[in-house]
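>
Number of protein chains: 2
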Amino acid sequence: MTNKLNLKNLTKSEEDYLKALFQLLIEDDSGKVGNNQLADYLKVSPASTNNMIKKLKAKKYVVSEKYGKLELTEEGKSIAVRLIRKHRLWETFLCNYLNFSWDEVHEVAEQLEHIKSQKLVNELDRFMDFPSKDPHGEVIPNADGEYFVLPKITLSSLEEGAVCQLVSVNDASVTFLKYVSEIGLALSSEIKVLEVREFDSSIRIQFNQVEETVTRKFADNVFVKVI
Amino acid sequence: MTNKLNLKNLTKSEEDYLKALFQLLIEDDSGKVGNNQLADYLKVSPASTNNMIKKLKAKKYVVSEKYGKLELTEEGKSIAVRLIRKHRLWETFLCNYLNFSWDEVHEVAEQLEHIKSQKLVNELDRFMDFPSKDPHGEVIPNADGEYFVLPKITLSSLEEGAVCQLVSVNDASVTFLKYVSEIGLALSSEIKVLEVREFDSSIRIQFNQVEETVTRKFADNVFVKVI
DNA sequence: TTAATTTGTTAGTCATAACTAACTTTTTTA
DNA sequence: TAAAAAAGTTAGTTATGACTAACAAATTAA
Chain H
1145 MTNKLNLKNL
1155 TKSEEDYLKA
1165 LFQLLIEDDS
1175 GKVGNNQLAD
1185 YLKVSPASTN
1195 NMIKKLKAKK
1205 YVVSEKYGKL
1215 ELTEEGKSIA
1225 VRLIRKHRLW
1235 ETFLCNYLNF
1245 SWDEVHEVAE
1255 QLEHIKSQKL
1265 VNELDRFMDF
1275 PSKDPHGEVI
1285 PNADGEYFVL
1295 PKITLSSLEE
1305 GAVCQLVSVN
1315 DASVTFLKYV
1325 SEIGLALSSE
1335 IKVLEVREFD
1345 SSIRIQFNQV
1355 EETVTRKFAD
1365 NVFVKVI
Chain P
1145 MTNKLNLKNL
1155 TKSEEDYLKA
1165 LFQLLIEDDS
1175 GKVGNNQLAD
1185 YLKVSPASTN
1195 NMIKKLKAKK
1205 YVVSEKYGKL
1215 ELTEEGKSIA
1225 VRLIRKHRLW
1235 ETFLCNYLNF
1245 SWDEVHEVAE
1255 QLEHIKSQKL
1265 VNELDRFMDF
1275 PSKDPHGEVI
1285 PNADGEYFVL
1295 PKITLSSLEE
1305 GAVCQLVSVN
1315 DASVTFLKYV
1325 SEIGLALSSE
1335 IKVLEVREFD
1345 SSIRIQFNQV
1355 EETVTRKFAD
1365 NVFVKVI
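Okay, structure coming up:
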């Protein structure tokens, strides 16, 4: 009840900030997310962030002390999760039904996630028969806002000889996503780590009968499960 | 080229004004659409309209002289038609794939029509196999922006004894649309005009083996083709 | 054809959400 | 631990797009 009303009245900007803060809080294992970090992430000035955080604190979505770290209330988290759900459902729809490629979906989903209609999201979910993962392999929160964050193992963390399966990729960069599909990697690809080169941390991998050398930076954005 | 760029840079408000003006110019056979009329239609103050019209004139989407009637440039019309195309495609999608009813689609389509992605619209169109009409019976402009406005005959304009087929309904009011489906009318319904009552202009009609009396106001919003 | 009404315009205000510049607090490091 | 760097805050500005109130032009009616 309360949730519904609050969600309705949030501006696009407020939603963007809540979602960004939520993502940062998950990614950052240090547990400390600061004002400037959020500003960087959203590509706005620290002053803008500071301003918005004040508003979100007044609306009881964010908690923080002056000069202290930022945290989300349950209500704030709930809104963020529902945005992530919408985003991922739309990405899935765009990829599976509208011929969008991996790297094209993010920008459009960023717009679509702000459409306000409970029915739209849930019907879209039903239409696609309740998919559990989005095209990048990320878990889609269910209609009750339950969200299981799988612990992420990066390809870069594996030892020589390890064999793994690609479970998801970081969807933050279009050029990265294009690169991934160009070399022929996809969800569920089986990857073997042939060699980790000491000199520049580059990694020689093998998949689909081909060998490739990728950088550390690349491997940091590829998430796998060991098999 | 130019079109694409311009469309991208328009704000939601600018789009709303252009679309509203376009609709008014079509509906109003007098050919004169004024500032206050537009304000009424959009439910904003005349001052707001005046302000926005200035901006749209500067951007070459609108032409008008001081105290004169409002007109759209070709560019302005083109933007409006593309918005109508998007709106009607989304309405069709919501009704035909996501279990939305006639009266629920408009509000959500109003939001969806502002999503900026050429690919999204065209793929949606393809996905639905290029529908020619939306759920209210309105023609959907094609990808080239060709838009055929069918001359509209209202149910209220018919004489006693006339037999017609429902081709479209005015989608501006949710309560009207609910009313239409509640009494059992739908697209293609065959309607016979039994009696036009002089006293209050109410009309006795017959369809699907039932008889109903509807008001003049109701019949003004039902569009038909005589058979 | 003057007066009343409607329509259109202008000026000034407000909220949102961005910005820069200046300043303060906290943290780091020399 | 004191200086430097980083992080956070505040004040003041800008653009968008609403608003009201006051006023001007055009149209309609007496």
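As given, the protein sequences belong to chains H and P, one line each in that order.
Take our numbering: the final residue in the first sequence is number 1371, and no numbers are missing along the way.
Take our numbering: the final residue in the second sequence is number 1371, and no numbers are missing along the way.
Cβ coordinates follow ideal geometry from the N, Cα and C atoms, glycine included.
In this structure, how does DSSP classify Leu-1170/P when only helix, strand and coil are distinguished?
According to the sequence displayed, residue 1170/P carries Ile and not Leu. Here Ile-1170/P sits in helix by DSSP.
> On the DSSP bridge assignment, give the partners of Glu-1334/P in chain order.
Looking at the DSSP assignment, Glu-1334/P forms a beta bridge with Gln-1309/P.
> Provide the residue span of the beta strand (DSSP E) that contains His-1217/H, from first to last.
For the sequence presented, residue 1217/H should be read as Thr rather than His. Where Thr-1217/H is concerned, there is no enclosing beta strand (DSSP E), given that its DSSP letter is neither H nor E.
> Listed in chain order, which residues of the stretch 1254-1265 of chain P have Cβ atoms closer than 9 Å to some Cβ of chain H?
Answer in chain order: Gln-1255, Leu-1256, His-1258, Ile-1259, Lys-1260, Ser-1261, Lys-1263 and Leu-1264.
> Distance, Cα to Cα, Ser-1300/P vs Val-1370/P?
The alpha-carbon atoms of Ser-1300/P and Val-1370/P are separated by roughly 12 Å.
> Can you pull the chain P residues whose beta carbon is under 9 Å from the beta carbon of Glu-1267/H, in chain order?
Going along chain P in sequence order, the residues near Glu-1267/H (Cβ under 9 Å) are Leu-1238, Tyr-1241, Leu-1242, Asn-1243 and Phe-1244.
> What is the DSSP secondary structure of Glu-1267/H, counted as helix, strand or coil?
It is helical.
> How big is the Cα-Cα spacing for Leu-1216/P and Thr-1193/H?
Taking the straight line joining both Cα atoms gives about 40 Å.
> The alpha helix (DSSP H) that contains Ile-1197/P, what's its start and end?
Element bounds for Ile-1197/P: 1190-1202.
> What residue range does the beta strand (DSSP E) around Phe-1367/P cover?
Taken as a continuous stretch (DSSP letters only), the beta strand (DSSP E) holding Phe-1367/P covers 1366-1370.
> Any idea what DSSP makes of Arg-1360/H, helix, strand or coil?
The answer is helix: DSSP assigns Arg-1360/H an H, G or I state.
> Just to make sure I have the definition right: I need the residues of chain P whose C-beta is within less than 9 Å of the C-beta of Phe-1271/H. Which are they?
Neighbours of Phe-1271/H on chain P, chain order: Tyr-1241, Leu-1242 and Asn-1243.
> Which same chain residues end up closer than 7 Å to Lys-1204/P when comparing Cβ atoms and leaving out the 5 residues on each side of it in sequence?
Excluding residues within five positions, the ones whose Cβ falls inside 7 Å are Thr-1217 and Glu-1219.
> Under a three-way DSSP split, which group does Glu-1159/H fall into?
In the structure shown, Glu-1159/H sits in a helix (DSSP, three-state: H, G or I).
> If we count Cβ pairs, one from each stretch, closer than 8 Å, do we get three or more for the stretch 1251-1263 of chain P versus the stretch 1288-1302 of chain P?
No: fewer than three Cβ pairs fall under 8 Å.
> List, in order along the chain, the chain H residues whose C-beta lies closer than 9 Å to that of Val-1252/P?
Chain H residues near Val-1252/P: Ile-1259, Lys-1260, Ser-1261, Lys-1263 and Leu-1264.
> Starting from Gln-1350/P, follow the beta strand (DSSP E) in both directions and report where the run begins and ends.
Start and end: 1347-1351.
> Less than 6 Å between C-beta atoms, sequence neighbours within five positions excluded: which residues of the same chain meet that for Leu-1256/H?
If we look at Leu-1256/H and ignore the five residues flanking it on each side, its Cβ neighbours are Trp-1234.
> Could you name the residues that DSSP lists as bridge partners for Thr-1298/P?
DSSP, once it has assigned bridges, lists Phe-1367/P as partnering Thr-1298/P.
> Could you give the DSSP three-state label for Lys-1277/P: helix, strand or coil?
Strand, per DSSP.
> Let me confirm a value: Thr-1236/P is counted as buried when at least 16 other C-beta atoms fall within 10 Å, else exposed. Which label applies?
The residue in question, Thr-1236/P, is buried, as its Cβ has 16 or more Cβ neighbours within 10 Å.
> Relative to the alpha-carbon of Leu-1238/H, which residue among Glu-1290/H, Met-1272/H and Phe-1292/H has its alpha-carbon at the smallest distance?
Looking at the Cα atoms, Met-1272/H is the closest of the given residues.
> Secondary structure at Glu-1342/H, three-state DSSP: helix, strand or coil?
Glu-1342/H falls in the coil class under three-state DSSP.
> Below 8 Å on the Cβ atoms is my guess for Val-1307/P versus Glu-1334/P; work out the distance and round it to an integer in Å.
Indeed they touch by this definition, with Cβ atoms about 7 Å apart.
> For my contact list, Asn-1365/H and Phe-1320/H are in at a C-beta cut-off of 8 Å; report their separation, rounded to the angstrom.
Indeed, because the Cβ distance is near 6 Å, the residues count as touching under 8 Å.
> Do you know offhand how far Gly-1175/H's Cα is from Asp-1315/H's?
Taking the straight line from one Cα to the other gives about 22 Å.
> For Glu-1267/P, tell me which candidate among Tyr-1185/H, Glu-1342/H and Glu-1248/H has the shortest Cα-Cα distance.
The option with the nearest alpha carbon to Glu-1267/P is Glu-1248/H.
> Does any residue of chain H have a CB that is nearer than 8 Å to the CB of Leu-1149/P?
Low per-residue confidence applies at Leu-1149/P: pLDDT is 41, beneath 50, and the placement is therefore not dependable enough to give any value.
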